[in-house]
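Step one of this worksheet: look at the structure below.
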Amino acid sequence: MNPAARDRLLGVLTVVFAVSYTLAARSIEDSLLADAVGASGVPQGVGIAMAAAGLGVFASSWTRVTATGDGAAEDLPGAGAIARTVALIGLLVAYAAMLPWIGYVPAIFVLLLASGLLAGAPAGLALFASAGVGAPTLWLIFDRLLQVRMPLGRLWE
Amino acid sequence: MDALASALGSLSSWQVVAAAFGGVLWGILGGALPGISPSIAMALLLPFTVGLDPTTAIVLLASVYVGAEYGGSIPAILIRTPGTNAAAATVLDGHAMAKQGRAGEALGISLISGLYGGLFGLAVLVIATQPLAEIALAFTPAAYFSLGVLGLSVIAGLSSGSLMKGCIAALLGLMIAFIGSDPVSGVSRFTFDSPDLLGGIKPILIMVGLFAVTEMLAQITEPAWERASRSAARLKLPDWAMTRRLFKPQAIGSVVGTVEGVTPGAGGTIAAFMSYSEARRWSSKPEEFGHGSPEGIAAPEAANNAVTATALVPMLSLGIPGSNSAAILMGGFLIHGLQPGPMLFTRAPEVIHGLFGGLLLANVAMFLLGLVILGPCIWLVNRPKPYLIAFILALVMTGVYAIHQSVFDLLLVTAVGVFGLFMRWVRMPVLPLVLGLVLGYLIESNYRRSLLISGGDPMIFLTDPVSLALLVLALVMTLYTGWKEFFRSKGKGVES
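Just so you know, the sequences run in chain order A and B. Following the working numbering, the numbering of the first sequence begins with 24 at its first residue and continues without gaps. Following the working numbering, the numbering of the second sequence begins with 3 at its first residue and continues without gaps.
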């Protein structure tokens with residue numbers, strides 16, 4: 024997809040989102056303590072401004088090639104790379120899901136191991152050892168030193 | 003002169019020296035870990051100050067603050083993860099330099115600029131606490147609203163040549179800031195009946211998602227980034243030519259940090275972003291910003307560290323804690339039976355002078371400890387990329403969980419990371435979103451308070467002299483930046 028088409032897509036998505044947001048803001052009910060502007064006043068104004076900005080991006084995509092934007096912008100990578108990104112997203116979601124059940128140290132061990140493998144580390148002793156050292160080290164820093172209580176795991180309680 | 007002698011005299015106490023060094027070290031550790039804010043790092047030590055004498059206790063807490071605000075820049079540069087909100091402005095150029103194999107140089111600039119800003123702020127604190135307190139008193143809700151508008155006026159400078167997309171990003175940041183309880187009536191907004199959203203979304207969660215998680219999701223598909231050579235992996239302090247180049251952005255950062263610091267509620271994050279934008283505006287090489295400009299590190303770091311001292315002005319002189327960290331420090335005073343405010347200078351001058359001396363020591367300690375610990379930090383991030391990605395993700399997810407002990411936060415940060423990939427794809431700049439997020443509450447709450455005070459008359463924003471001055475300044479900055487951006491983009495069009 025060329026940059027102008029991307030801008031068009033961004034413009035359309037922005038307008039759709041901004042209109043939905045403005046409608047959602049209009050449905051906010053004020054309490055008896057509300058001021059003249061109300062809880063929905065400023066969000067509605069922001070929603071309308073965003074719709075206007077979305078229209079601006081859409082319109083400008085037709086009049087010039089595109090704005091330069093963030094220098095880090097790149098095209099979507101190939102199917103293999105996308106699969107790896109999706110797998111990493113799945114791993115992060117899985118970490119969040121398993122953390123309360125199996126506890127912090129096993130969960131972070133799995134995250135270290137699996138994300139290392141996904142990133143291309145060879146499956147061997149070095150990776151296993153780094154995860155084995157990293158997990159308890161992080162637990163010591165956060166749970167013991169900084170007194171942030173990490174879950175022990177409902178399965179073991 | 004007596005005050006100066008008293009401040010310097012406090013440096014001869016080994017307890018104060020130990021508190022300054024220990025506090026800075028603890029602060030750097032806390033600031034460098036995502037999820038541990040400066041105020042949390044300070045709060046963790048608060049119970050331990052009970053048994054200390056007041057001067058040592060206050061110096062310990064203030065040193066943690068100095069160390070934490072500096073420490074936030076280390077992961078921002080090395081792993082694209084701002085350890086504190088204020089370090090978000092350092093991410094772009096700091097991490098760009100690190101990826102070019104110039105991590106040591108970036109960290110050296112950050113360290114020196116932090117020292118420069120910290121000492122400048124301290125000088126202002128010592129010399130001008132009482133006159134500056136009057137400026138803080140002059141800030142009405144209308145002036146705070148206008149201050150927020152002034153903050154938003156730098157969007158053009160942060161939009162990387164795409165003003166419309168920058169506006170969309172900033173508006174999105176404002177929308178995220180509106181999630182949670184309404185600041186006036188307490189009505190829930192955009193919470194979808196989820197208790198996790200009732201308290202709103204902490205800016206650090208969005209920043210970690212947009213910077214760190216997005217970067218890791220992108221990096222996992224890319225070839226190994228450039229590893230620093232043996233010489234580049236060493237901490238490198240700026241040479242004379244670089245020192246001269248950095249003078250202007252450091253001065254900009256120090257002045258902006260001072261102004262923002264004495265204003266309760268403004269804080270280091272706004273100061274960092276404003277100084278970044280101003281440094282770019284006044285730079286002879288603005289095109290380098292965002293691609294590894296040393297000035298893009300110097301300005302926000304000087305501002306951020308200037309705030310650590312000047313944020314104490316309203317707290318010490320008026321008893322108004324302008325930030326969470328200042329509130330914790332105020333707690334330290336109260337624990338020892340000292341009430342911050344105008345009378346503090348007459349009732350406990352030795353503690354105030356000890357604090358001034360301790361802050362000087364803390365800045366020196368920050369520099370010396372930085373020289374020692376930055377080398378190993380650089381070595382650490384120069385390890386093979388797969389292990390580094392795994393370690394960064396583990397650190398980030400642990401830090402995120404540490405904020406509220408919430409699984410929801412982990413899922414939120416992951417979702418924000420995915421959205422960050424989309425922003426890259428459509429070339430939408432990230433910094434305006436962060437700015438909108440940080441300023442959302444300040445703008446909305448003070449806008450509505452002002453209208454309540456004026457009975458709904460919007461002229462209050464123009465009749466309040468401070469508000470009017472800030473709005474005029476915002477208008478001038480917007481027009482000037484827009485004009486410069488217009489001619490810059492025209493120039494690009496001609497070149498292409």
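A virtual CB, placed ideally from N, CA and C, is assigned to each residue, including glycine.
CB-CB length for B/T92 against B/I299, believed under 8 Å: Numbered from 1 along the second sequence, position 90 holds the residue referred to as residue 92 of chain B. Numbered from 1 along the second sequence, position 297 holds the residue referred to as residue 299 of chain B. Contact holds; Cβ gap of about 6 Å.
Element boundaries [alpha helix (DSSP H), containing B/H97]: Position 95 of the second sequence, counted from the first residue, corresponds to residue 97 of chain B. Start and end: A90 to K101.
For B/S75 and B/E303, believed in contact at Cβ under 8 Å, the rounded distance: One-based indexing of the second sequence puts residue 303 of chain B at position 301. One-based indexing of the second sequence puts residue 75 of chain B at position 73. Confirmed, Cβ separation roughly 6 Å.
Chain B contacts from the stretch 149–162 of chain A (Cβ-Cβ distance under 9 Å): A149, L150, S153, A154, G157, A158, L161 and W162
6 Å CB neighbourhood of B/T245 in its chain, flanking five on each side removed: In the second sequence, residue 245 of chain B corresponds to position 243, counting from 1. Same-chain partners within the cutoff: there are none.
DSSP bridge partner residues for B/G182 (one or two, in chain order): Translated into the one-based positions of the second sequence, residue 182 of chain B becomes position 180. Residue pairing from DSSP places B/G182 in a beta bridge opposite B/R191.
Minimum C-alpha distance to B/G188 - residue among A/L33, A/L55 and A/L32: For the purposes of this step, residue 188 of chain B is taken as residue 186 along the second sequence, with counting starting at 1. The option with the nearest alpha carbon to B/G188 is A/L55.
Segment contact flag, the stretch 461–475 of chain B with the stretch 164–179 of chain B, C-beta cutoff 8 Å, min 3 pairs: no
Cβ neighbours of B/A22 in the same chain (closer than 7 Å, five flanking residues each side left out): Within the second sequence, residue 22 of chain B is the residue found at index 20, counting from 1. The answer, listed in chain order, is V61, S65, G360, L363, A364 and A367.
Own chain residues within Cβ distance below 8 Å of A/L78, not counting five before or after: Counting from 1 along the first sequence, the entry for residue 78 of chain A is found at position 55. For A/L78, where only same-chain residues beyond five positions count, the Cβ hits under 8 Å are G34 and V38.
Residue burial classification, B/A144 (beta-carbon count within 10 angstroms, cutoff 16): Position 142 of the second sequence, counting from 1, holds the residue named residue 144 of chain B. Buried.
Option nearest B/W16 by Cα separation, candidates B/S286, B/A59 and B/G119: Mapped onto the second sequence, residue 16 of chain B falls at position 14. The option with the nearest alpha carbon to B/W16 is B/A59.
Own chain residues within Cβ distance below 8 Å of B/P185, not counting five before or after: As a first step, residue 185 of chain B must be located in the second sequence, where it is residue number 183. These residues qualify, in order along the chain: Y443, E446, S447 and R450.
Buried versus exposed call for B/D459 [16 or more other C-beta atoms within 10 Å across all chains shown]: Translated into the one-based positions of the second sequence, residue 459 of chain B becomes position 457. B/D459 should be labelled exposed.
Nearest neighbour of B/A281, chosen from B/I375, B/M166 and B/L248 [CA to CA]: For the purposes of this step, residue 281 of chain B is identified with residue 279 of the second sequence, where counting begins at 1. The shortest Cα separation from B/A281 among B/I375, B/M166 and B/L248 belongs to B/L248.
Distance CB(B/P342)-CB(B/A301) smaller than 8 Å: Stepping through the second sequence from its first residue, residue 342 of chain B is reached at position 340. Stepping through the second sequence from its first residue, residue 301 of chain B is reached at position 299. With contacts defined as CB atoms closer than 8 Å, B/P342 and B/A301 fail to qualify as a contacting pair.
Minimum C-alpha distance to B/M44 - residue among B/G29, B/G175, B/T312 and B/E107: Within the second sequence, residue 44 of chain B is the residue found at index 42, counting from 1. It is B/G29 whose Cα lies nearest to the Cα of B/M44.
Beta-carbon proximity of B/A311 to B/G25, cut-off 8 Å: On the second sequence, residue 311 of chain B is found 309 positions in, with the first residue counted as 1. On the second sequence, residue 25 of chain B is found 23 positions in, with the first residue counted as 1. Not in contact: B/A311 and B/G25 (Cβ atoms no closer than 8 Å).
Beta-carbon separation (whole angstroms), B/H338 vs B/P56, contact threshold 8 Å: Locating residue 338 of chain B in the second sequence gives position 336, where the first residue counts as 1. Locating residue 56 of chain B in the second sequence gives position 54, where the first residue counts as 1. Confirmed, Cβ separation roughly 4 Å.
Chain B contacts made by the stretch 119–146 of chain A, where a contact means CB separation under 7 Å: A119, L122, P123, I131, L134, L135, S138, G139, L141, A142, G143 and A144
Buried or exposed by the 16-neighbour rule on C-beta atoms within 10 Å, applied to B/N307: Residue mapping note: residue 307 of chain B aligns to position 305 of the second sequence, counting from 1. Buried: at least 16 other Cβ atoms inside 10 Å.
CB contact below 8 Å: A/A90 versus chain B: Counted from its first residue, the first sequence places residue 90 of chain A at position 67. Interpretation of A/A90 is limited by its pLDDT of 48, a score under 50 that renders its predicted location unreliable; the figure taken from the coordinates is listed afterwards. Yes, its Cβ sits closer than 8 Å to a Cβ of chain B.
Supposed close pair B/G116, B/Y72 - CB separation, criterion 8 Å: Translated into the one-based positions of the second sequence, residue 116 of chain B becomes position 114. Translated into the one-based positions of the second sequence, residue 72 of chain B becomes position 70. Going by Cβ atoms, the distance from B/G116 to B/Y72 rounds to 5 Å, so yes, they are a contact pair.
Buried/exposed call for A/M73, threshold 16 Cβ in 10 Å: Taking the first residue of the first sequence as 1, we reach residue 73 of chain A at position 50. By the neighbour-count definition (other C-beta atoms within 10 Å, threshold 16), A/M73 is a buried residue.
Alpha-carbon spacing of A/G113 relative to B/V264, whole angstroms: Along the first sequence, one-based indexing puts residue 113 of chain A at 90. Along the second sequence, one-based indexing puts residue 264 of chain B at 262. Roughly 45 Å separates the two Cα atoms.
Proximity to B/L346 [Cα-Cα], best of B/F369, B/L320, B/N326 and B/A329: Here residue 346 of chain B is taken as the residue at index 344 of the second sequence, counted from 1. Considering only alpha carbons, the answer is B/L320.
Segment contact, 8 Å Cβ cut-off, at least three pairs: the stretch 198–216 of chain B with the stretch 399–409 of chain B: yes
First and last residue of the uninterrupted alpha helix (DSSP H) at B/M244: As a first step, residue 244 of chain B must be located in the second sequence, where it is residue number 242. Its alpha helix (DSSP H) spans residues W242 to V264.
Whole-angstrom distance between B/L413 and A/R177, CA atom to CA atom: Within the first sequence, residue 177 of chain A is the residue found at index 154, counting from 1. Within the second sequence, residue 413 of chain B is the residue found at index 411, counting from 1. When only Cα atoms are considered, A/R177 and B/L413 end up about 19 Å apart.
8 Å Cβ cutoff, A/S43 in contact with chain B: Residue numbering aside, residue 43 of chain A sits at position 20 when the first sequence is read from its first letter. Not closer than 8 Å to any Cβ of chain B, the Cβ of A/S43 fails to qualify, so no.
Same chain, Cβ closer than 7 Å to A/A41, five either side skipped, listed in chain order: Residue 41 of chain A sits at position 18 when you count from the first residue of the first sequence. Cβ neighbours of A/A41 beyond the five flanking positions: G70, M73, A74 and G77.
Unbroken alpha helix (DSSP H) run spanning B/L35, endpoints: The residue labelled residue 35 of chain B in the question sits at position 33 within the second sequence. Careful: B/L35 lies outside any alpha helix (DSSP H) and carries neither H nor E.
C-beta atoms of B/V156 and B/M430 nearer than 8 Å: In the second sequence, counting from the first residue as 1, residue 156 of chain B sits at position 154. In the second sequence, counting from the first residue as 1, residue 430 of chain B sits at position 428. No.
Residues that A/R172 contacts on chain B, provided the C-beta gap is smaller than 8 Å: On the first sequence, residue 172 of chain A is found 149 positions in, with the first residue counted as 1. The contacting residues are Q407.
Through-space distance from B/A90 to B/V432, alpha-carbon basis: If you number the second sequence from 1, residue 432 of chain B lands on position 430. If you number the second sequence from 1, residue 90 of chain B lands on position 88. Cα-Cα distance, rounded: 10 Å.
Cβ shell of B/R191 (< 8 Å), same chain only, five flanking positions each side left out: Mapped onto the second sequence, residue 191 of chain B falls at position 189. Result list for B/R191: F180, I181, G182, S183 and D184, in chain order.
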